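If you're matching them up, the sequences are chains A and B in order. Count along the first sequence starting at 1, add 71, and that's the number in the numbering used here. Count along the second sequence starting at 1, add 39, and that's the number in the numbering used here. All remarks here apply to the structure that follows.
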Amino acid sequence: MRAHLQDFRRSPVQAVLFLVVLWLAASFIYGPIWSVLRFAFAPEGKPGLGAAAELAASRRVITAIWNTLVVTGLSIITVNVVGLFQVAVLEYLKVPGRGFLRFAYSTPLIFVSVAAATGYGFVYGPTGALTRIIQSIYPALPNDWFSGTFAVVFAHSFLLTSFHFLFLRAAIRRVDYATVEAARSLGASNMRAFLQVVLPVLLPTIFATTLLVTYKSLGSFSIPAVLGGQRFDMVSELILTLNSLRRPDMAAMLSIGLGAAVILCIVAMQYIERRGSFIGGAKTPVPIERVRIASPPMRTLVTGLAYLVALIQLVPIVLVVLFSFAPARSIGTEVLPSTLTLKNYVTVFSQDTAFVPLRNSILMALAAIAAGILISLFVVAMAQRVKGAVSNALDLTFMIPWILPAPFVAIGLILTYDEPSQLVFGATLLGGFWILPIGYAIVAIPMMIRFLRAAFLSLDPALNEAAQSLGAPAYYRFFRVTLPIVLPVIVLVSGMTLNSLMSEYSMSAFLFNVNNKPLSIALFEGARSTNPELAAINMVYIVLIMAFSLLTITLADRYGLGNGQEKR
Amino acid sequence: MTLKGIFTAISVSAVLSGSAAWAEPLTIYSPQGEERAVWITEQAKAAGHDITILSAGGSELFDRILAERANPQADVVLGLIDASMATLKSEGLFEAHVPTWAEGLPAVYRDDTDHMVYKFWQTPIVVAYNADVMTADAAPHSWLDLIKPEYKGKYVIGSTAWQTTRSFLVGMLVRFSDENGEITDVGWDFMSKLYENAIVVDSGDALTAAFVNGEAVINLNWFGGVGKLAESVGFTPGIVDTEGGTPFISEGVAIMKGTDQPDQAKAFVDWFGSPEVMSAYATEFGQVPVHPAAIAMSPETVQANATLLTPQDIDWDAVAPKIDGWIQKIELEIK
């Protein structure tokens with residue numbers, strides 16, 4: 072604390088900024104958390120567990136919790152099967168067309184959230200292309216065959232493999248090929264060598280990715296909302312329903328339950344990460360070589376499966392891109408568009424109703440990023456300059472939203488700001504434009520802090536000392552020495568945040584209103600409409616989101632940030 | 040400073056500089072959408088009222104008005120139904136004003152205690168059917184018939200966020216209320232069966248689709264909605280005068296407390312509910328007004344519709360505070 076006081080005496084600006092950040096932490100992190108706890112455990116001011124009892128009595132709540140657990144359990148298995156198979160095909164086996172397969176398997180990186188769910192709905196849904204193809208052969212297939220647990224698990228299986236693609240591929244490359252050769256020289260088959268030699272080395276990474284999948288699946292929101300169908304709820308969706316039924320106490324209680332499950336996952340993940348670190352290969356490992364499958368039928372089978380998986384992942388994307396260039400009337404009537412046009416793109420950029428959600432999303436994301444970067448810079452720079460409990464506490468405070476699911480934060484914001492609040496000088500945020508960008512900023516800051524902290528840690532202190540010895544004051548050193556060095560990181564982390572906020576659904580579904588309807592909500596509404604004009608506009612939105620993701624990921628990859636993420 | 044504040048500042052300075060051309064239009068929240076909103080805006084303009092209508096679903100507007108209570112954006116609320124208006128009034132969001140057309144209005148449509156909410160037109164929520172595939176005899180004779188096995192999968196229940204759905208669910212539930220106004224177990228049993236027997240949807244498109252693909256035959260809808268759906272799908276509608284009565288809902292108008300244009304708001308309300316405007320609207324859209332003078336000036340078909348069905352006796356003021364709880368139970372335990 073004394074170090075801080077000295078720092079503030081040197082620079083009153085720092086003191087003011089410190090107060091501002093403290094106020095932000097109190098208003099937008101502790102305030103909402105306090106509201107959730109208060110509404111869940113003492114809705115009328117008296118402590119009680121009434122909300123929990125009512126949740127337990129509701130058939131729909133119990134079903135939703137059950138659905139969430141079943142979907143998560145099944146997804147863990149299917150995602151691992153698909154993900155491991157993909158990694159084996161790409162890095163362990165010789166399968167023709169590896170470049171193509173790698174491209175197909177990488178699509179979950181850019182085809183995410185509500186955009187992906189809408190794309191799947193477009194292919195497999197009641198009026199989807201695939202549904203109609205199957206129905207022409209097998210007319211008894213019901214329109215809504217693709218719904219419920221099956222649809223959600225199916226979508227998870229092929230959309231949540233991005234962690235396997237990123238982390239497990241990196242891990243298998245670190246396997247010492249000498250061990251595989253040794254096993255084979257002792258008479259083990261390819262399969263056996265993979266299962267008994269390669270797999271055990273991968274196990275810590277598999278655990279880590281499995282927990283990420285669990286975490287994603289527990290909080291899954293847009294996929295069940297779009298694909299689950301009429302009577303299928305998962306927990307996140309139900310929290311939204313409870314909120315709209317004006318039962319904030321039950322919504323708060325359920326979001327605490329979801330939060331607890333997610334935190335448990337993260338704790339387990341960190342435990343395994345720590346324990347797994349001692350498993351290492353040889354000092355000078357022999358790089359892994361892909362093996363040829365000896366038996367021809369087996370080779371055909373594996374190749375066939377590899378291409379089937381690629382097909383499942385590519386078909387929705389190809390159809391979405393194609394139909395974004397098709398006239399609206401061909402949606403739902405043609406399997407492949409017969410004519411191509413740019414009309415849909417013109418509509419999105421020229422018609423107010425179609426353009427407004429795009430504009431809203433960009434504006435809100437930019438506002439959230441600007442605020443988030445400023446706060447993160449302040450927090451990280453302070454932690455660097457003045458070491459101690461206060462800095463650590465502030466840093467940890469802004470990391471809290473990392474372990475809280477979006478519905479928890481959103482319900483907290485709603486409960487805190489649905490009436491005039493002294494925390495924000497008597498304003499009512501709910502129903503206004505700013506509440507959603509505030510929510511975006513809260514969830515974006517943890518990742519910003521992680522990346523900026525890494526960037527600050529790698530700064531050479533000699534640079535700063537040199538500037539200081541030449542007489543440069545603190546702010547001058549910050550703007551002329553530190554900032555230019557961390558600027559690329561700022562740009563990239565901003566790009567990645569913008570990318571995820573463009574299709575952010577969980578926070579948006581709770582906090583949007585007529586003043587700030589974002590792209591993700593427009594996509595969701597379009598996905599549930601049977602109006603082909605809206606479907607056509609949706610295709611354009613998805614293509615724009617994917618193009619944007621591709622751009623940011625390519626940039627991030629080029630600047631080496633992709634590796635940084637793998638250490639997460 | 041809010042946008043509205045800025046507008047006010049601009050209009051104040053405009054008035055001070057002697058020009059009224061900058062005056063802010065009256066903001067009206069109403070579930071009246073599309074051509075109806077356009078019609079009202081145009082007629083109002085011709086009568087010298089400068090208004091903008093923000094239209095959205097009834098329950099969305101209701102939530103929005105509640106959310107904006109600290110900082111109201113609307114000057115007038117027009118067209119929310121009985122229960123919603125009763126709740127907003129009990130939240131203290133309205134300003135008292137007795138419209139010029141209150142005289143001669145039947146007592147049920149007036150607000151003699153608070154002088155805030157006055158009703159201007161009414162609509163029954165009806166049981167209708169596709170007369171091309173179902174005879175009048177085969178159609179349900181009462182709302183309570185819907186749970187019969189022969190109607191399984193033949194009718195649609197929409198989102199409980201819709202005013203129409205809420206109204207008919209409440210209309211059925213109140214038949215099972217005990218002396219304290221609470222719903223008996225028999226009533227909740229009925230509700231479970233009603234949902235089990237139904238096609239449940241939550242979007243207007245899904246509702247239309249159920250009729251287009253021929254699954255749904257019975258349409259539980261507001262009177263005007265029945266004709267609209269039948270026309271867009273292409274069938275002849277039949278309407279049942281149900282035993283036990285048909286729930287009627289009426290829509291009201293009220294001035295928001297804290298409006299910065301009270302005089303314009305009052306003038307607009309006085310104009311809108313007048314028999315002349317009501318009968319003109321009835322002529323245009325077939326909506327049945329509640330003011331006897333307006334009914335008398337309306338076309339014959341509208342006059343006939345006014346007495347077509349037997350109303351169910353529902354005390355909306357008594358029911359309003361209970362509806363949230365009922366809908367919660369339906370959503371969480373029955374649906």
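Each residue gets a CB set at the ideal place from its N, CA and C atoms; glycine is no exception. Since the structure is predicted, the reported quantities are computational estimates derived from the model, not experimental observations.
Where B/Val256 meets chain A, residues with beta-carbon distance less than 7 angstroms: Translated into positions along the second sequence, residue 256 of chain B becomes position 217. When 7 angstroms is used as the limit between beta carbons, B/Val256 is near no residue of chain A, the shortest such separation being about 18 angstroms.
Contact belief for A/Arg263 with A/Leu161 at Cβ below 8 angstroms, rounded distance in angstroms: Taking the first sequence and counting its residues from 1, the one referred to as residue 263 of chain A is at position 192. Taking the first sequence and counting its residues from 1, the one referred to as residue 161 of chain A is at position 90. In this structure, A/Arg263 and A/Leu161 do not form a Cβ contact; the two beta carbons are roughly 20 angstroms apart against a cut-off of 8 angstroms.
Length of the line joining the Cα atoms of A/Ile294 and A/Leu140: The sequence position of residue 294 of chain A within the first sequence is 223, counting from 1. The sequence position of residue 140 of chain A within the first sequence is 69, counting from 1. Straight-line Cα distance between these residues: approximately 15 angstroms.
Chain A within 8 angstroms of B/Ser242, Cβ atoms only: For the purposes of this step, residue 242 of chain B is taken as the residue at position 203 of the second sequence. Taking Cβ atoms only, chain A reaches closer than 8 angstroms to B/Ser242, which makes this a yes.
Minimum C-alpha distance to B/Thr174 - residue among B/Asp228, B/Ile278 and B/Ser289: Mapped onto the second sequence, residue 174 of chain B falls at position 135. Checked all of B/Asp228, B/Ile278 and B/Ser289; the closest Cα to B/Thr174 is B/Ile278.
B/Pro276 and B/Ala167 closer than 8 angstroms at C-beta: If you number the second sequence from 1, residue 276 of chain B lands on position 237. If you number the second sequence from 1, residue 167 of chain B lands on position 128. Yes, the pair counts as a contact, with Cβ atoms nearer than the cut-off.
Host alpha helix (DSSP H) of A/Tyr416 (start-end): Counting from one through the first sequence, the residue named residue 416 of chain A turns up at place 345. Here the alpha helix (DSSP H) through A/Tyr416 covers Lys414 to Ser421.
Backbone secondary structure at B/Trp61 - three-state DSSP: As a first step, residue 61 of chain B must be located in the second sequence, where it is residue number 22. Model confidence at B/Trp61 stands at a pLDDT of 45, short of 50, so the residue's coordinates are unreliable; what they give is reported in the following sentence. In the displayed model, B/Trp61 falls within coil according to three-state DSSP, outside both helix and strand.
Given B/Pro111 as reference, the closest of B/Leu117, B/Gly118 and B/Arg103 once Cα atoms are compared: Counting from one through the second sequence, the residue named residue 111 of chain B turns up at place 72. Residue B/Arg103 is the option with its Cα nearest to B/Pro111.
Nearest-angstrom Cα separation, counted from A/Phe496 out to A/Ala464: As a working note, residue 464 of chain A is residue 393 in the first sequence. As a working note, residue 496 of chain A is residue 425 in the first sequence. Distance between the alpha carbons of A/Ala464 and A/Phe496 is about 25 angstroms.
Residue-chain proximity (A/Asp423, chain B), Cβ-Cβ < 8 angstroms: Position 352 of the first sequence, counting from 1, holds the residue named residue 423 of chain A. By this cut-off, A/Asp423 is not an interface position.
Nearest candidate by alpha-carbon position, reference A/Gly107, set A/Ala122, A/Ile433 and A/Leu95: Position 36 of the first sequence holds residue 107 of chain A. A small fix is needed here, since residue 107 of chain A is Val in this sequence, not Gly. Nearest of A/Ala122, A/Ile433 and A/Leu95 to A/Val107, Cα basis: A/Ala122.
Presumed contact (8 angstroms Cβ cut-off) between B/Ile90 and B/Leu119, rounded CB distance: Here residue 90 of chain B refers to the residue found at position 51 of the second sequence. Here residue 119 of chain B refers to the residue found at position 80 of the second sequence. Taking 8 angstroms as the upper bound for CB-CB distance, B/Ile90 and B/Leu119 are not in contact here, some 17 angstroms apart.
Those residues which DSSP pairs with A/Ile482 across a bridge: Position 411 of the first sequence, counted from the start, is the residue given in the question as residue 482 of chain A. Secondary-structure assignment with DSSP links A/Ile482 through no beta bridge to anything.
Environment of A/Gly502 [buried if 16+ CB atoms lie within 10 Å]: Position 431 of the first sequence holds residue 502 of chain A. Only buried fits A/Gly502, as 16 or more other CB atoms lie within 10 angstroms of its CB.
Where the beta strand (DSSP E) containing B/Trp261 begins and where it ends: Working through the second sequence from its first residue, we reach residue 261 of chain B at position 222. Note, B/Trp261: beta strand (DSSP E), Ile257 to Trp261.
Neighbour flag for B/Met317 against chain A, beta carbons, 8 angstroms: In the second sequence, the residue the question calls residue 317 of chain B occupies position 278. Chain A contact via Cβ: absent.
Beta-carbon spacing of A/Phe292, A/Ser577 below 8 angstroms: The residue you call residue 292 of chain A lines up with position 221 of the first sequence. The residue you call residue 577 of chain A lines up with position 506 of the first sequence. Here A/Phe292 is near A/Ser577, since their CB atoms are less than 8 angstroms apart.
Alpha-carbon to alpha-carbon, A/Asp78 and B/Ala125: For the purposes of this step, residue 125 of chain B is taken as the residue at position 86 of the second sequence. For the purposes of this step, residue 78 of chain A is taken as the residue at position 7 of the first sequence. Roughly 58 angstroms separates the two Cα atoms.
Segment limits, alpha helix (DSSP H) that includes A/Ser288: Numbered from 1 along the first sequence, position 217 holds the residue referred to as residue 288 of chain A. Counting along the chain, the unbroken alpha helix (DSSP H) around A/Ser288 starts and ends at Leu270 to Leu289.
Closer than 8 angstroms at the beta carbon, the chain A residues around B/Ile366: Working through the second sequence from its first residue, we reach residue 366 of chain B at position 327. Those are Leu316, listed as they occur along chain A.
Which of helix, strand or coil DSSP assigns to B/Met173: If you number the second sequence from 1, residue 173 of chain B lands on position 134. The three-state reading of DSSP puts B/Met173 in coil, since its state is none of H, G, I, E or B.
Proximity below 8 angstroms, CB of B/Met317 to CB of B/Phe159: Within the second sequence, residue 317 of chain B is the residue found at index 278, counting from 1. Within the second sequence, residue 159 of chain B is the residue found at index 120, counting from 1. Cβ atoms of B/Met317 and B/Phe159: closer than 8 angstroms.
Positions along the stretch 220–243 of chain B whose CB lies within less than 8 angstroms of some CB in chain A: Cβ contacts with chain A come from Val239, Val240, Asp241 and Ser242.
Simplified DSSP state of B/Gly364, which is helix, strand or coil: Mapped onto the second sequence, residue 364 of chain B falls at position 325. Annotated three-state conformation of B/Gly364 is helix, per DSSP.
Span separating the alpha-carbon of A/Ile243 from that of A/Leu273: Sequence index remark: in the first sequence, residue 243 of chain A carries index 172 (1-based). Sequence index remark: in the first sequence, residue 273 of chain A carries index 202 (1-based). The alpha-carbon separation between A/Ile243 and A/Leu273 amounts to approximately 7 angstroms.
Which of helix, strand or coil DSSP assigns to B/Trp160: Residue mapping note: residue 160 of chain B aligns to position 121 of the second sequence, counting from 1. Secondary structure at B/Trp160: strand, using DSSP grouped into helix, strand and coil.
Pick from A/Thr202, A/Thr285, A/Glu490 and A/Gln493 that is closest to A/Trp216, judged by C-alpha positions: Counting from one through the first sequence, the residue named residue 216 of chain A turns up at place 145. Checking every option, the nearest Cα to that of A/Trp216 belongs to A/Thr202.
Enclosing alpha helix (DSSP H) for A/Val373 [first to last residue]: Translated into positions along the first sequence, residue 373 of chain A becomes position 302. Here the alpha helix (DSSP H) through A/Val373 covers Pro367 to Ser395.
Against chain D: residues of the stretch 423–443 of chain A by CB proximity under 8 angstroms: As a matter of chain content, chain D is missing from the structure shown, whose protein chains are A and B.
Residue burial classification, B/Glu63 (beta-carbon count within 10 angstroms, cutoff 16): Looking up residue 63 of chain B in the second sequence gives position 24. Its Cβ being crowded by 16 or more others within 10 Å, B/Glu63 is buried.
Proximal residues of chain A, C-beta to C-beta of B/Ala377 below 7 angstroms: Within the shown structure, residues of chain B are numbered from 40 to 374, placing residue 377 of chain B beyond reach of any answer.
Pick from A/Ile520, A/Glu115, A/Ala322 and A/Asn261 that is closest to A/Pro472, judged by C-alpha positions: Within the first sequence, numbered from 1, the residue matching residue 472 of chain A stands at position 401. Nearest C-alpha to A/Pro472: A/Ile520.
Three-way DSSP call (helix, strand, coil) for B/Thr285 in this model: Mapped onto the second sequence, residue 285 of chain B falls at position 246. Reduced to three states, the DSSP call for B/Thr285 is strand.
Inter-residue CB distance, B/Glu130 and B/Arg108 (contact presumed, cutoff 8 angstroms): Numbered from 1 along the second sequence, position 91 holds the residue referred to as residue 130 of chain B. Numbered from 1 along the second sequence, position 69 holds the residue referred to as residue 108 of chain B. Taking a contact as a CB-CB distance under 8 angstroms, the pair B/Glu130 and B/Arg108 counts as one, their CB atoms being some 7 angstroms apart.
Test item: CB-CB of A/Ser307 and A/Pro478 under 8 angstroms: Your numbering for residue 307 of chain A matches position 236 in the first sequence. Your numbering for residue 478 of chain A matches position 407 in the first sequence. Going by beta carbons, A/Ser307 and A/Pro478 fall inside the 8 angstroms limit.
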